[in-house]
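Here's the structure, in structure tokens; my notes come after.
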Amino acid sequence: MARVITLCNQKGGVGKSTSAQALAAFLGAYGKKVLLVDFDPQANTTSGIGVNPRKLEKSVYHALIGRVPIGDVIIKTKFAGIDLLPASAGLAGATIELVDMAGREYKLKGILEHVRRDYDFVIIDSPPSLGLLTLNALVAAQKIVIPVQCEYYALEGLADLLRTIQMINANLKAKIGVMGALLTMYDRTSRLHRAVAKEIRRKFPGYVFQAVIPRNVGLAEAPSHGKTIVQYAPYSHGAKAYRRIAEEILKIEGMGKP
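For the sequence shown, position 230 matches number 230 in UniProt numbering, and the numbering has no gaps at all.
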């Protein structure tokens, strides 16, 4: 049964989609079967691994509202071990349709139950907000990874998100655990970045990944070529950092270091 991990941060531009793609790619490279779920209407993860969201006849939206079975939407990608549950712009409309549905917060969790046995990991990329779609992405997860940019407001946003997760667990009878904060776009020459990283580790001990994701040209360029960092620049600093994060996740999940 797959471990379901949601990447979440209510702030945009923190490397969430990049992290979802890279982690799926490295887990796949380590022989794990991964379902990468794009649950953001911007569909950056879908386009980032070479699927044009504008040409899709079916997306996660259609499975979510019950029009088609989830198995009819999943796409086998060209990357080892990775299947994709793609997003399209139509997903934005799902928020309105979900409002009046019973169990609206559990819709994504419900459709994923049909395929969890087919995978080792389900990696969910959520929208940069705390709306109904993100709520579905959180409720569906067993563990949360929080990409955090090393900037002044990061601590405040991280504390807010952790409080939100506690509220969801209390009010929706969920059992969401925080796997860790993932420090992204890190510049070790920046005094501010070093200070913020140190403060995050001090305030959230045991909840911050050891590896840090640096600012890296390869990571920025890979999605425009429809490739993950594994295929585009496997020996870059960014790729090496995500490889270490994937190894940390395998260790946390008791699957051992490859």
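No residue lacks a Cβ here, since even glycine has one placed at the ideal position from N, Cα and C.
List the DSSP bridge partners of tyrosine 186.
As a first step, residue 186 must be located in the sequence shown, where it is residue number 186. Tyrosine 186 pairs with Pro214.
Cα-Cα separation between glutamate 105 and lysine 55, rounded to whole angstroms
Residue mapping note: residue 105 aligns to position 105 of the sequence shown, counting from 1. Residue mapping note: residue 55 aligns to position 55 of the sequence shown, counting from 1. Their backbone Cα atoms lie some 28 Å apart in a straight line.
Considering only their Cβ atoms, is the gap separating lysine 107 from methionine 101 smaller than 8 Å?
Locating residue 101 in the sequence shown gives position 101, where the first residue counts as 1. Locating residue 107 in the sequence shown gives position 107, where the first residue counts as 1. For the 8 Å CB-CB criterion, methionine 101 and lysine 107 form a contact.
Pairwise C-alpha distance: aspartate 38 and aspartate 83
Against the sequence shown, residue 83 aligns to sequence position 83. Against the sequence shown, residue 38 aligns to sequence position 38. The straight-line gap separating the alpha-carbon atoms of aspartate 83 and aspartate 38 is approximately 11 Å.
Segment limits, beta strand (DSSP E) that includes lysine 143:
Stepping through the sequence shown from its first residue, residue 143 is reached at position 143. Start and end: 143-149.
Leaving out five residues before and five after arginine 215 in sequence, what residues of the same chain have Cβ atoms less than 8 Å from its Cβ?
What you label residue 215 is simply residue 215 of the sequence shown in a count that begins at 1. Met185, Tyr186, Asp187.
So, are the CB atoms of asparagine 9 and leucine 161 less than 8 Å apart?
Counted from its first residue, the sequence shown places residue 9 at position 9. Counted from its first residue, the sequence shown places residue 161 at position 161. It is a contact, given that the beta carbons lie within the stated cut-off.
Which residues bound the beta strand (DSSP E) around threonine 6?
Indexing the sequence shown from 1 puts residue 6 at position 6. Threonine 6 -> beta strand (DSSP E) spans 3-7.
Tell me the DSSP secondary structure of phenylalanine 79 in three-state form.
Residue mapping note: residue 79 aligns to position 79 of the sequence shown, counting from 1. Coil, per DSSP.
For alanine 220: DSSP bridge partner residues:
Stepping through the sequence shown from its first residue, residue 220 is reached at position 220. Note: alanine 220 sits in no beta bridge, so no partner.
Beta-carbon separation (whole angstroms), threonine 228 vs glutamine 42, contact threshold 8 Å:
Counted from its first residue, the sequence shown places residue 228 at position 228. Counted from its first residue, the sequence shown places residue 42 at position 42. A Cβ-Cβ distance of about 18 Å is found for the pair threonine 228 and glutamine 42, leaving them out of contact under the 8 Å criterion.
Using a 10 Å radius around the Cβ and a threshold of 16 neighbouring Cβ atoms, would you call aspartate 72 buried or exposed?
Here residue 72 refers to the residue found at position 72 when the sequence shown is read from its first residue. The residue in question, aspartate 72, is exposed, as its Cβ has fewer than 16 Cβ neighbours within 10 Å.
Are aspartate 125 and threonine 189 close, meaning C-beta to C-beta below 8 Å?
Counted from its first residue, the sequence shown places residue 125 at position 125. Counted from its first residue, the sequence shown places residue 189 at position 189. Taking 8 Å as the cut-off, the beta carbon of aspartate 125 is found no closer than this to the beta carbon of threonine 189.
Taking the runs of the alpha helix (DSSP H) that are 4 residues or longer, which of them lie wholly in the region 49-137?
Correct list: 60-64, 91-98, 107-112.
Where the alpha helix (DSSP H) through aspartate 160 begins and ends:
Residue numbering aside, residue 160 sits at position 160 when the sequence shown is read from its first letter. Annotation for aspartate 160: the continuous alpha helix (DSSP H) segment containing it runs 154-171.
How far does the beta strand (DSSP E) with valine 37 in it extend, from its first residue to its last?
In the sequence shown, the residue the question calls residue 37 occupies position 37. Valine 37 -> beta strand (DSSP E) spans 34-38.
Going by C-alpha to C-alpha distance, which of Ser59, Phe79, Ile252 sits closest to glutamine 210?
Taking the first residue of the sequence shown as 1, we reach residue 210 at position 210. Check the Cα spacing between glutamine 210 and each of Ser59, Phe79, Ile252: the tightest is with Ile252.
Whole angstroms is fine: what's the gap from alanine 141's alpha carbon to isoleucine 176's?
Counted from its first residue, the sequence shown places residue 141 at position 141. Counted from its first residue, the sequence shown places residue 176 at position 176. Roughly 6 Å between the two C-alpha positions.
Could you tell me the boundaries of the alpha helix (DSSP H) in which lysine 251 lies?
As a working mapping, residue 251 is identified with position 251 in the sequence shown. Unbroken alpha helix (DSSP H) run through lysine 251: 237-252.
Three-state secondary structure assigned by DSSP to valine 14
By one-based count along the sequence shown, residue 14 stands at place 14. Of the three classes helix, strand and coil, the one that applies to valine 14 here is coil, per DSSP.
Rank Leu183, Arg191, Ile245 by C-alpha distance to the C-alpha of isoleucine 200 and give the top, closest one.
One-based indexing of the sequence shown puts residue 200 at position 200. For isoleucine 200, the closest of Leu183, Arg191, Ile245 by C-alpha to C-alpha distance is Leu183.
Endpoints, alpha helix (DSSP H) assigned at isoleucine 200:
Counting from one through the sequence shown, the residue named residue 200 turns up at place 200. Note, isoleucine 200: alpha helix (DSSP H), 191-203.
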